[in-house]
Amino acid sequence: MKLPLSALPIIATFSVGATLPQTPLEPVYHQLFNQRSDLANSQLVDVWPRLNSETQRQAWKEALNAVVSRQCGKDLSTAVPEWLDDLTLTLMQRDMPLNRIYRITLSGNSPRHDISAALMLPDGKKAFAAMPVQYEAEGEFRVESEEFTQPLSEGVYVLTVSSGGQQWQQPLALQGVGGLTQIQLHDRAIKINIPQVSSACPKPWLEQTLLNRSDYNQIWWAKSDQLTLVPWPSKSVESVWATVAVVSAENRGSVAIRTEHRLADPLATMKN
4 MKLPLSALPI IATFSVGATL PQTPLEPVYH QLFNQRSDLA NSQLVDVWPR LNSETQRQAW
64 KEALNAVVSR QCGKDLSTAV PEWLDDLTLT LMQRDMPLNR IYRITLSGNS PRHDISAALM
124 LPDGKKAFAA MPVQYEAEGE FRVESEEFTQ PLSEGVYVLT VSSGGQQWQQ PLALQGVGGL
184 TQIQLHDRAI KINIPQVSSA CPKPWLEQTL LNRSDYNQIW WAKSDQLTLV PWPSKSVESV
244 WATVAVVSAE NRGSVAIRTE HRLADPLATM KN
């Protein structure tokens with residue numbers, strides 16, 4: 004399979020590597036040149052602790068994008084155990100009036116009801132450890148992290164899921180989330196800036212929800228693959244909170260990775 008155009012700058016850098024200073028990323032470029040995305044991904048995980056400059060970290064992120072660009076990350080060797088299915092890790096930026104937070108969600112399916120999860124972030128912080136796992140119908144489970152006030156940086160995230168005395172752990176090279184501008188609200192009008200994704204990945208989509216302001220339970224949901232807003236249903240604007248999110252997705256083998264930029268405001272503010 005030919006490499007996509009987005010990977011060519013990375014390969015070009017490697018091709019002239021003899022004339023450039025040595026970089027910890029050389030093993031990554033070598034595997035990209037050999038069209039071995041799985042090995043390049045493993046090298047990205049290995050070299051991350053040795054990067055010591057913003058320039059190197061930006062090059063690491065570009066190399067990760069090149070790895071994902073071939074098959075949207077589905078060709079990477081990340082397999083989950085048989086007691087886990089449809090595992091999805093979501094990194095979200097949520098913007099509210101005068102408030103921006105970041106949150107991570109892990110969801111999936113399992114016949115077991117003793118799931119525990121932990122996620123080590125690149126900066127050493129931990130997510131999920133103190134948060135309860137919620138179980139829903141048909142084996143679905145979900146756990147949300149606490150709110151973070153700082154962006155979720157690029158780097159290696161170490162995911163651990165335990166159940167029944169068994170433990171599965173997987174390092175995940177991720178681009179992170181921070182300072183997204185995919186969706187904005189100006190004078191009650193919602194403006195959408197479509198994020199750039201690899202042609203091998205699904206096109207980004209739009210999700211809209213309505214929540215009761217009293218308990219934040221969801222009362223309405225809609226999805227648009229064309230990134231166009233669906234008319235809001237007739238509701239009492241004073242008692243309803245609205246959210247709009249631009250969602251994009253890729254994979255790390257069997258683990259789905261989602262990025263969300265979510266805008267939340269009273270429905271009255273978003274009526275247009």
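Taken in order, the sequence shown gives residues 4 to 275; the numbers are from this note's numbering. Quick reminder that beta carbons are idealized off the backbone N, C-alpha and C, glycines included. The structure displayed is predicted, hence computed values, not measured ones.
6 angstroms CB neighbourhood of residue i in its chain, flanking five on each side removed
i    : result
P24  : With a pLDDT of 49 at P24, under the threshold of 50, the modelled position of that residue is not reliable, and the figure given next carries that caveat. Here the set comprises nothing.
S165 : S119
D41  : L79, S80
Q185 : N196, P198, V249, H264
S110 : T91, R145
Q96  : Y105, V180, L183, H264
P174 : V48, V159, V161
A225 : Q211, V233
P84  : W171
V136 : I118, F144, V146
L87  : G111, S113
L94  : I107, L155, V180, T262
R60  : L54
Opening and closing residue of the beta strand (DSSP E) in which residue i lies
i    : result
K64  : It is not in any beta strand (DSSP E) - K64 instead sits in the alpha helix (DSSP H) that spans 57-74.
V48  : That residue, V48, is in no beta strand (DSSP E); its alpha helix (DSSP H) goes 40-50.
A248 : 243-255
K194 : 192-195
Segment limits, alpha helix (DSSP H) that includes residue i
i    : result
Q185 : Taken as a continuous stretch (DSSP letters only), Q185 belongs to no alpha helix (DSSP H), as it is neither H nor E.
V180 : Premise fails: V180 is in no alpha helix (DSSP H) and is neither H nor E.
L232 : Neither: L232 is in no alpha helix (DSSP H) and is coded neither H nor E.
Where residue i sits in the DSSP three-state scheme
i    : result
L140 : Checking the sequence, you will find Ala at residue 140 rather than Leu. Residue state, collapsed to three classes: helix.
A120 : strand
D268 : strand
V200 : coil
E263 : strand
Q25  : coil
Q34  : helix
M273 : helix
Beta bridge counterpart(s) of residue i as assigned by DSSP
i    : result
T163 : A121, Q172
E147 : T108
M99  : N102
E210 : K226, A248
K128 : Note: K128 sits in no beta bridge, so no partner.
D88  : N112
F220 : Correcting the residue type first, residue 220 is Asn in the shown sequence and not Phe. DSSP, once it has assigned bridges, lists no residue as partnering N220.
V356 : Because the chain here runs from 4 to 275, residue 356 falls outside it and cannot be looked at.
T93  : T108, R261
L155 : V180
Contact set for residue i: own chain, Cβ-Cβ below 8 angstroms, skip 5 residues either direction
i    : result
N220 : L214
E149 : R106, A130, A133, M134
K128 : F151
V243 : L213, L214, N215, R216, I222, P269, L270
Chain-order list of residues whose beta-carbon lies under 7 angstroms from that of residue i (same chain, five-residue window excluded)
i    : result
C75  : S201, A203, C204, E253, N254
G142 : N112, S113, P114
C227 : Cys is not the amino acid found at residue 227; the sequence shown has Ser there. Correct list, in chain order: W208, L209, V233.
Q299 : The chain is shown from 4 up to 275; residue 299 falls before or after that span and cannot be answered.
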